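Protein chains in written order, with my numbering: chain E, 1 to 468; chain L, 1 to 468; chain R, 1 to 468.
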């Protein structure tokens with residue numbers, strides 16, 4: 001018995017469903033190119049077994065545990081680690097049972113589809129998860145995890161991943177990437193340059209981080225020029241471990257183009273430890289433009305992930321730390337925010353700036369018009385709450401008419417849940433093929449064009465945008 | 001002949017239509033639970049006949065008369081009462097004819113479907129309303145209204161209403177609820193605590209209202225603690241007449257968490273009659289948090305209706321008063337607005353805060369992420385302009401993927417048009433079943449799950465959220 | 001062979017498709033009423049051949065060239081004129097080949113459908129455009145353009161245009177309209193009063209423009225009353241050349257209702273050349289209200305096109321001038337912005353104010369509630385990035401439930417690409433019929449009503465709203 005409907009996410013009308021399925025069949029087995037995500041490179045460096053079902057599927061995945069929390073289940077009982085190191089739930093089977101008993105909460109969500117895809121396709125399970133099947137699931141998955149076929153590298157190969165990008169801090173020693181490189185394993189795992197800790201004055205320990213940044217790079221990061229040079233040095237090191245992109249989180253998408261002297265003054269201010277929120281924000285904005293300038297030299301694609309208001313609940317941050325499902329999107333004004341950046345580098349033909357949003361209202365109103373005009377600007381795929389069937393549908397319907405397909409860059413899974421990678425790419429492929437089939441059926445795209453676009457959305461565009 | 005298509009609002013593709021109809025058949029006869037609305041409790045206390053078709057369907061319903069006004073028909077000619085008591089149109093048959101002659105204006109609107117549902121199902125009419133049938137309609141409805149089966153209590157029972165919540169001001173004497181309670185009639189009509197008149201410093205006669213609030217409760221409402229105590233007293237009285245919830249209108253959704261001394265100072269300021277708009281807004285925000293604290297003690301569910309900018313046209317307000325169709329929604333920023341409240345009570349497992357919005361852009365960007373994280377927060381159903389087929393569709397498509405079904409609370413009719421209650425619940429049930437059928441047909445929900453969710457959306461969730 | 005699918009844009013499910021096609025067949029041959037656009041009246045005055053395919057389809061159409069630019073093709077190579085008069089690409093065949101080689105960039109866009117509609121229906125081409133067919137296309141179109149049947153007036157007649165409105169500056173001498181009037185040709189080409197150059201203090205040479213405005217009209221435009229009188233004079237002249245409407249571009253939609261003395265002071269300030277951005281914006285807002293007051297006297301319909309942030313890239317503006325695809329929409333708050341205007345004239349029964357937006361989030365939240373209440377306010381059709389299948393679908397789905405069909409005004413093509421006029425109207429007719437068919441199939445509209453609404457959306461409403 002299958003858990004999943006094999007025609008899931010395809011349109012219902014028979015002609016369109018057949019068209020969608022035909023398109024999907026040409027792309028479903030293409031290799032996975034995963035240009036942005038948060039997998040832990042140590043998995044592939046160490047290649048040790050995943051500890052148990054709860055630590056594979058629940059504890060590290062805020063998509064999974066926040067939904068349980070939203071119905072009154074405590075983070076402690078789900079084993080979410082506390083920052084004070086105090087013990088909480090440590091029986092993985094008990095955690096797993098909580099998931100199983102409450103799995104109805106995920107009805108209609110992409111999380112349930114991702115999980116069921118893993119259950120069926122990765123672990124070969126054939127009954128739905130429920131209170132009754134909780135122990136069967138636990139035992140089955142736990143047993144599989146102990147076999148060689150379920151070690152990280154084996155799964156990587158079985159998932160048909162051509163390349164997987166992880167994301168590391170500018171202060172990271174890249175030891176796991178070094179270990180992977182030295183291991184002789186042929187899997188392609190590359191890093192991505194994420195300098196938030198040294199470009200965001202509001203980041204924990206920013207001043208210390210900048211100091212450490214100088215030590216790591218041997219540059220004088222007490223001066224603006226030395227600080228910029230330290231970025232260049234580290235970008236080059238990241239490139240040596242496969243990086244083809246940098247990545248920047250930014251609540252507002254604000255960019256700036258200050259005169260050199262003003263930028264220098266601002267740098268000294270924010271590293272002095274005494275600065276206003278406005279100065280911090282301006283510095284973050286200036287650094288996006290500086291990173292774009294460096295990209296002109298070293299060729300890294302620049303990713304901008306804008307619009308998340310982090311750590312909405314102070315208590316969750318204090319007790320459990322960051323990335324616990326309490327980051328809530330807000331409105332973003334890209335038109336004003338990106339104007340300084342695009343006036344500097346928007347017409348650079350080799351530069352690739354990829355913008356991601358959590359504010360879907362900007363798709364048709366701001367981002368598609370910008371990407372459909374500026375040569376350097378591309379639209380990242382639907383992100384976080386939106387890399388789902390409805391999210392992808394809204395993205396395509398809102399952007400295609402204004403910027404077409406060729407100002408977009410294929411799919412990102414952006415996940416820290418390893419087993420969800422094939423599931424998420426499968427959802428994207430099905431959703432895109434359904435959209436294309438709808439265009440064909442309504443005379444907006446010719447059938448032969450649809451096959452070409454399906455290939456490009458799955459494989460061609462991502463390779464080009466990330467130079468992979 | 002039927003006026004309505006019996007398969008209305010179901011998807012067109014035969015398989016999905018059959019699925020939707022099958023789901024609908026299991027919920028269409030469930031009792032109506034109406035946890036929030038604006039019916040007049042005197043109808044059920046006095047149980048007198050509704051005066052005539054115009055005063056049943058046109059005069060009190062701003063959905064109906066604003067559309068006629070928008071095409072140049074005067075409020076006077078529609079019998080909308082003037083605040084100065086001057087006479088306007090008083091021939092109900094003439095008013096009815098205006099509606100009939102202009103009924104084409106309502107094409108494609110939920111108002112036309114609600115009205116036609118009443119015409120067909122409540123009054124047994126079988127031809128569409130038009131200039132030609134205006135008098136036939138008038139005579140038929142007027143005759144029916146004079147029969148015992150069309151008295152308010154008889155209709156309440158025929159509509160299969162399990163419970164109906166009205167909304168009363170904190171200053172209301174609850175006389176009609178008392179009369180209903182003493183009448184021996186078994187219909188369950190409960191009140192809801194709506195304290196706008198004593199928590200909004202911009203409300204007409206606010207200072208006088210607070211004084212009167214003290215007189216009603218016997219508390220000293222010149223002091224902050226006495227004022228809070230007066231709320232506790234009145235909430236208890238409302239609970240005695242069945243209230244399980246409070247309700248709060250609020251243009252901005254802003255909340256606050258002031259220190260006690262600051263709250264006290266602010267209270268003295270706003271009750272002194274001299275205060276800034278910012279102080280008024282801050283006080284409204286503080287009172288939401290105070291109400292939530294009281295809910296922790298007395299268990300009332302807290303409803304927050306945010307985002308309406310009231311009385312857009314000064315002349316309409318001056319001549320005809322509030323609630324005349326000139327309340328226009330605006331943007332709402334829930335992420336910042338609710339942060340103070342949710343940091344105080346967001347993790348209270350027994351508390352239920354239900355948020356309603358008129359800004360659909362917040363569904364996927366703000367409200368679903370918040371409700372899918374905070375235990376105390378629930379999403380109210382689409383409201384006012386949005387409790388329609390398209391509105392419900394957009395709500396489900398935008399929220400389900402992030403917060404699922406179980407952080408929502410079923411349907412509210414929120415109406416002052418009594419006969420529209422079964423019509424509105426029917427639209428909601430059909431729309432939800434159509435959405436669920438679409439999920440089943442595209443492999444996003446199993447068929448057995450869909451039946452459970454259909455029941456929960458119709459009956460289970462509302463009973464739980466409102467403790468009814 | 002046909003390039004286009006004859007059932008394009010119709011729903012796929014057979015019953016709904018048949019219904020949509022039946023509706024469409026009753027409106028597809030109705031005359032085109034084009035009440036707002038940017039065609040060049042000299043075409044019809046001079047009636048000379050269009051120079052070549054590139055100058056017909058690429059060079060003047062920012063929809064076409066911005067998409068090519070967004071993928072790194074230079075404006076110079078596309079023949080976009082430079083403001084400094086320096087030569088750029090001048091081989092029209094080379095420009096045409098660039099379009100042909102990159103035509104895949106337009107997949108899924110309305111631009112490709114408009115172009116293919118022209119290729120097939122205007123020029124009789126029967127193979128898709130591609131690198132291989134580029135020269136065939138060029139030769140075929142170029143040859144046709146040299147024949148009498150392809151002169152502007154012949155095409156006007158063949159397109160079945162009942163009336164075409166152009167848009168002229170308040171400073172325009174209307175010479176082409178005079179020449180058309182004197183030519184004896186029966187085609188109805190009317191002008192529209194567009195006073196941006198003399199009402200926007202930030203317009204290039206505003207002070208000089210106001211001076212010239214006085215010279216043209218013989219009024220004393222150094223005084224507020226004289227300046228207003230100059231508008232009245234010019235509006236009358238425009239009316240003499242067929243104008244039934246004025247048109248106003250406005251980034252914010254802000255309106256104002258200043259006391260006369262304050263308006264006079266503000267006028268003297270902004271014409272003095274020294275004023276703040278706030279004063280400029282306030283003056284623009286005041287002038288909308290003044291124009292509405294003049295409409296009460298002379299009957300011109302008032303069009304408000306709000307929300308475009310012009311000239312996002314300084315370099316493009318400096319090198320190529322305005323209207324080059326770098327105008328990017330932003331958020332608009334209509335509720336506050338229109339309140340002063342609507343409080344003054346919103347209940348005028350004869351006045352018609354038509355509002356257009358580039359911020360789709362305002363459809364259901366702001367514009368439909370306003371238009372569904374105020375007698376003077378109407379919603380313009382989807383505009384610019386949104387006069388497409390998906391754009392029209394979103395517009396109807398978001399507005400109809402609240403303001404119905406009869407507070408909307410039919411379609412505007414708003415184009416400067418002459419051959420796209422029939423294509424754009426055809427897209428609108430098909431999209432509207434598909435929407436109506438969906439309503440019928442889901443029991444929200446009766447079949448006989450749908451035929452009436454289809455006629456009204458295509459022909460009846462636009463004639464009434466623009467008094468054409």
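By construction, the Cβ of each residue, glycine as well, lies at the ideal position given by its N, Cα and C atoms. Values in this document were obtained by computation on a predicted structure and should not be read as measured data.
{"Check": "Secondary structure at residue 226(L), three-state DSSP: helix, strand or coil?", "Outcome": "helix"}
{"Check": "Secondary structure at residue 237(R), three-state DSSP: helix, strand or coil?", "Outcome": "helix"}
{"Check": "When you compare the CB of residue 70(E) with every CB in chain L, is at least one pair closer than 8 Å?", "Outcome": "yes"}
{"Check": "If you follow the beta strand (DSSP E) that residue 247(L) is part of, which residue opens it and which one closes it?", "Outcome": "245-250"}
{"Check": "Can you tell me whether residue 446(E) is helix, strand or coil according to DSSP?", "Outcome": "coil"}
{"Check": "With distances taken from CA atoms, which of 451(L), 52(L), 272(L) is nearest residue 221(L)?", "Outcome": "272(L)"}
{"Check": "Quick check on residue 186(R): buried or exposed, where buried means 16 or more other Cβ atoms within 10 Å of its Cβ?", "Outcome": "exposed"}
{"Check": "Considering only residues of the same chain and omitting the five flanking positions on each side of residue 133(L), which have a CB-CB separation below 6 Å?", "Outcome": "127"}
{"Check": "Less than 6 Å between C-beta atoms, sequence neighbours within five positions excluded: which residues of the same chain meet that for residue 459(E)?", "Outcome": "30"}
{"Check": "Should residue 256(R) go down as buried or exposed, given a rule of 16 or more other Cβ atoms within 10 Å for buried?", "Outcome": "buried"}
{"Check": "On the criterion of 16 or more Cβ atoms from any shown chain inside 10 Å, does residue 412(E) qualify as buried, or is it exposed?", "Outcome": "buried"}
{"Check": "State yes or no: is the beta carbon of residue 403(R) nearer than 8 Å to at least one beta carbon in chain L?", "Outcome": "yes"}
{"Check": "Contact defined as beta carbons within less than 8 Å: I believe residue 75(L) pairs with residue 105(L). What is the distance between those atoms, to the nearest angstrom?", "Outcome": "Wrong, their Cβ atoms sit about 15 Å apart, outside the cutoff."}
{"Check": "Which runs of the alpha helix (DSSP H) at least 4 residues long sit entirely within the stretch 145-177 of chain R? Give them in chain order.", "Outcome": "152-158"}
{"Check": "Check whether the Cβ atoms of residue 123(E) and residue 364(L) lie closer than 8 Å to each other.", "Outcome": "no"}
{"Check": "With a cut-off of 8 Å, does the C-beta of residue 216(E) fall near any C-beta of chain L?", "Outcome": "no"}
{"Check": "Does the beta carbon of residue 329(L) come closer than 8 Å to any beta carbon on chain R?", "Outcome": "yes"}
{"Check": "So is residue 254(L) in contact with chain E if we call contact Cβ pairs under 8 Å?", "Outcome": "no"}
{"Check": "Using a beta-carbon distance below 8 Å, is residue 290(R) in contact with chain L?", "Outcome": "no"}
{"Check": "Take the Cβ of residue 318(E) as the centre, count every other Cβ of all protein chains shown within 10 Å, and call the residue buried at 16 or more, exposed below.", "Outcome": "exposed"}
{"Check": "Quick one: is residue 454(L) buried, meaning 16 or more other Cβ sit within 10 Å of its Cβ, or exposed?", "Outcome": "buried"}
{"Check": "Which residues in chain R sit within 9 Å of residue 400(E), going by Cβ to Cβ distance?", "Outcome": "107, 108, 109, 390"}
{"Check": "Any idea if residue 339(R) is buried or exposed, counting beta-carbon neighbours within 10 angstroms, 16 or more meaning buried?", "Outcome": "buried"}
{"Check": "List the whole-angstrom C-beta distance separating residue 56(R) from residue 65(R), where the pair is believed to meet the contact cut-off of C-beta under 8 Å.", "Outcome": "With 8 Å as the limit, residue 56(R) and residue 65(R) do not qualify as a contact, their Cβ atoms being about 13 Å apart."}
{"Check": "Comparing the C-beta of residue 361(R) with each C-beta of chain E, is any distance below 8 Å?", "Outcome": "yes"}
{"Check": "Between which residues of its own chain and residue 61(E) is the CB-CB distance below 6 Å, once the five residues before and five after are set aside?", "Outcome": "417"}
{"Check": "Would you say residue 451(L) faces chain E, with C-beta separation under 8 Å as the test?", "Outcome": "no"}
{"Check": "Can you find a CB in chain E that lies within less than 8 Å of the CB of residue 79(R)?", "Outcome": "no"}
{"Check": "I'd like to know whether the C-beta of residue 335(E) is nearer than 8 Å to at least one C-beta of chain L.", "Outcome": "no"}
{"Check": "Check each candidate in 19(L), 298(L), 241(L), 326(L) and name the one with the smallest Cα separation from residue 174(L).", "Outcome": "241(L)"}
{"Check": "Among 288(L), 231(L), 32(L), whose alpha-carbon lies nearest the alpha-carbon of residue 355(L)?", "Outcome": "288(L)"}
{"Check": "In whole angstroms, give me the CA-to-CA distance for residue 5(E) and residue 233(L).", "Outcome": "56 Å"}
{"Check": "May I ask you to list the residues that DSSP assigns as paired with residue 68(E)?", "Outcome": "For residue 68(E), which the question treats as bridged, DSSP gives no partner whatsoever."}
{"Check": "Of all Cβ atoms in chain E, is any one closer than 8 Å to the Cβ of residue 189(R)?", "Outcome": "no"}
{"Check": "Residue 6(L) by DSSP, collapsed to three states: which one?", "Outcome": "coil"}
{"Check": "With distances taken Cα to Cα, identify the nearest neighbour of residue 300(R) among 193(R), 388(R), 358(R).", "Outcome": "193(R)"}
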